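One structure is given below, encoded as structure tokens.
Residue numbers (our numbering): 1 to 598.
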């Protein structure tokens, strides 16, 4: 068993109140049409999928009601699932579940804790094939507490719904103490990912008056087969980034596309990505829990619908050695209390940190006296950022090497990242999202560019090779909106933990406070000399292996203390055991393992 300290409740210290690989398969025109039809059917299914949210009473009621309370949305009477999948995510990033009858679920929601479902206490320490990690044992029980806010009928499996769950533990009655309890009580399990994220969100609200909107990009590769590895388009000729040929489809779509009165997932856009058979969906931003729950639902939808079509969907970070990998980019915006920006949900008493420029705040600057401690000073290296944003970004950059242990938590995560692959690069830095920037022409560039740009200057994308990108847009309104994009993340992560660690690092930057000394890097940092990087204050390289990332986490005592030493020890122990099992696989089985499990 893990040391006894693992049983102590997690308290967030930031708050005083709470803590040549492709086998090209020739395909006939009819087959290609069928494949395009399948792809479009899959994405029509996602766009037509149902989403739901309603209030709930659970152990996080006080925290969650302050952070986000989405409005109630009811499903049509025709959608009446008989079974509910009670889901949680372990340290491997895999979704696990128990299935109960709807009547049992209703009882769990109405009458907790008597009706909660029990699990072995070691569930967070299980490997991909139920191997037990060091420090975990089979003794004891945990209990699943479904979050009614996350309840969603499954349009691709009409008899089923799913709900995300928190993990609780039971404290037996103490009849022998002076103030002994006469009944059992339930408390959050310190390793529960949803509890850890809840503590982080509450710490931001209590200590800094900060809340967040979060959005995700879903990148996925669709395959005809894994062995041999055959992408859905059968090869490389007709698939590339944003090509219209990838959108062509035959007639019709899946039945779920035509179901009436079904709410849609907030997909803002989707398009073909660069790798063979790869596509991307951009999900709309919501409060943290709603956004992650929607992400999990969308992924499960893609898995299931692809399977129904005879395809294999994989979110593995690097399916093809010579093409771009698959990431899970996070988009995060900061807000303060008592202003409202709903994006479809009601956030009571939520106020923007002037992250968005408005007629009332044409400069986009924060009203320092009314929001922040007098000790904070508006020190920033970018006029695009206010003081809170600068401190938050400085915290994330400082702790980014340790953060990668959670956002890129697998041995094969590091096959995706590298210079020149649009994966965020290998230097801890940030850049703006302007698509084009003047840059000295490279003599190795195609001659066509020389014709387009008659001078010795050409334009290249920047911000794409920075792990953190400041995104700005005024296309959808008269105001300029800003948010941060974290690119160094993939879907092998437990997304609750990954987001929690990023937000914790940002809060540490606000509380210290940390000055943002790095300048806006408008070029690929890998193209700079050592002296040029130093001029930008870019001096820290990111881990290139999981072992380096875990070591960086253990050495980052400030972040480890904020997360909880017991949690960090349990996490690093589990991930190292997972890495050893992966390395023990024969080389020809390692890629198959990644494709099949993710």
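Using N, Cα and C, we set each Cβ at its ideal position, and we do this for glycine too.
Here the structure is a predicted model, which means the values were calculated and not measured.
query, result
"So who's on the other strand from residue 141, going by DSSP bridges?", "120"
"Which whole-angstrom value is the C-beta distance of residue 214 and residue 285, which I expect to be below 8 Å?", "6 Å"
"If we call anything under 7 Å between Cβ atoms a contact, is residue 160 one with residue 105?", "no"
"Give the secondary structure of residue 324 by DSSP, where H, G and I count as helix, E and B as strand, and everything else as coil.", "coil"
"Using 8 Å as the threshold, is the stretch 319-334 in touch with the stretch 486-502, meaning 3 or more CB pairs across them?", "yes"
"Quick one: Cα of residue 542 to Cα of residue 408, how far?", "11 Å"
"Please confirm if the stretch 393-404 is in contact with the stretch 548-565, defined as three or more CB-CB distances below 8 Å between the two stretches.", "yes"
"Please classify residue 616 as buried or exposed, where buried requires at least 16 other C-beta atoms within 10 Å of its C-beta.", "Absent from the structure is residue 616, since the part of the chain shown begins at 1 and ends at 598."
"Are the CB atoms of residue 314 and residue 595 within a distance shorter than 7 Å?", "yes"
"Comparing C-alpha positions only, which one of 294, 220 and 266 sits nearest to residue 276?", "220"
"Does the Cβ-Cβ distance between residue 305 and residue 143 come in under 7 Å?", "no"
"Compare the C-alpha of residue 568 against each of 169, 124, 279 and 507 and name the closest.", "124"
"Look at residue 311 and residue 229 and say whether their C-beta atoms are less than 7 Å apart.", "no"
"With distances taken between CB atoms, is the gap from residue 509 to residue 394 smaller than 7 Å?", "yes"
"Just the Cα atoms here: how many angstroms apart are residue 132 and residue 107?", "32 Å"
"Kindly give me the distance between the Cβ atoms of residue 217 and residue 282, rounded to whole angstroms, as I take these residues to be in contact under 8 Å.", "5 Å"
"Please state whether DSSP places residue 597 in a helix, a strand or coil.", "helix"
"When you compare each of 122, 88, 295 and 405 to residue 138 by their alpha carbons, which one comes out closest?", "122"
"Are the beta-carbon atoms belonging to residue 425 and residue 520 less than 7 Å from one another?", "no"
"Please decide whether residue 204 counts as near chain D, where near means a Cβ-Cβ distance under 7 Å.", "Looking at the structure shown, chain D is missing, and only one protein chain is on hand."
"Tell me which same chain residues have a C-beta within less than 7 Å of the C-beta of residue 581, skipping the five on either side of it?", "127 and 131"
"Beta-carbon within less than 7 Å of residue 30's beta-carbon, same chain only, minus the 5 sequence neighbours each way: which residues are those?", "Its pLDDT being 48, under 50, residue 30 is placed unreliably in this model, and the coordinates cannot settle the point."
"On the DSSP letters alone, give me the boundaries of the alpha helix (DSSP H) that residue 91 sits inside.", "Here residue 91 belongs to no alpha helix (DSSP H), and DSSP marks it neither H nor E."
"Quick check: the Cα distance between residue 191 and residue 165, rounded to an integer number of angstroms?", "13 Å"
"Taking DSSP as the reference, what is the three-state secondary structure of residue 285?", "coil"
"As a quick exercise: from 428, 417 and 194, pick the residue whose alpha carbon is nearest that of residue 318.", "417"
"How long is the line joining the alpha carbons of residue 524 and residue 151, rounded to whole angstroms?", "43 Å"
"Of the residues 88, 427, 585 and 535, which one's Cα is nearest the Cα of residue 544?", "427"
"In chain order, what residues of the same chain lie with their CB nearer than 8 Å to the CB of residue 547, ignoring the 5 residues before and after it?", "576 and 579"
"Tell me residue 101's beta-bridge partners as DSSP assigns them.", "83"
"Where DSSP assigns a beta bridge to residue 215, which residues make up the other side?", "331"
"Since residue 392 sits in a beta bridge, which residues does DSSP pair it with?", "The partner list for residue 392 (beta bridge, DSSP) is empty, contrary to what the question assumes."
"List the endpoints of the continuous beta strand (DSSP E) containing residue 522.", "Here residue 522 belongs to no beta strand (DSSP E), and DSSP marks it neither H nor E."
"In whole angstroms, what is the alpha-carbon distance linking residue 280 and residue 483?", "19 Å"
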